[in-house]
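All you need for the working numbering is the position in the sequence shown, starting with 1, plus 87. Idealized CB from N, CA, C, for every residue including glycine. Note that this is a predicted model, so its numbers are computed, not measured.
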Amino acid sequence: MLAAATAQFVVGARTLAPRLAATGGVPVATMLRGTVPAALVWSSALVASGALAGAALPLVRDVVTAAGVLVAGAAGGWLVVRRRRRADASQRES
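Next up, the structure:
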């Protein structure tokens with residue numbers, strides 16, 4: 088029963104555990120006693136993490152927008168400085 092519950096949280100084991108249990112002759116009732124509570128915890132964790140991520144979305148959007156504005160401003164400033172240096176260098180050569 089504990090192995091069936093633990094298998095729900097291990098990558099790859101979730102798909103193999105029912106097949107191995109059936110091959111090993113584990114009764115369905117025993118398998119369900121471990122699988123059903125683990126599935127409820129698993130689905131609750133996914134729903135909760137999705138709700139938290141959705142609640143944080145406005146903050147993430149604001150931070151990403153501010154970072155994008157800063158990066159665009161820095162890139163624009165770098166291009167202006169680069170053009171001025173090239174213009175100054177070409178005037179000195181003339």
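What separation, rounded to the nearest whole angstrom, lies between the Cα atoms of residue i and residue j?
i	j	result
Gly112	Met118	10 Å
Ala100	Arg106	10 Å
Ala104	Pro114	13 Å
Leu133	Asp149	25 Å
Pro145	Leu139	11 Å
Pro124	Gly141	26 Å
Trp165	Gly137	39 Å
Val168	Ala161	11 Å
Is it buried or exposed for residue i, if we count other Cβ within 10 angstroms and need 16 for buried?
i	result
Thr122	buried
Ala143	exposed
Check this for me: beta carbons of residue i and residue j, under 8 Å apart or not?
i	j	result
Ala135	Ala108	no
Worksheet item: Counting Cβ pairs closer than 8 Å, one from the segment 89-106 and one from the segment 121-138, do we hit at least three?
Response: The segment 89-106 is in contact with the segment 121-138.
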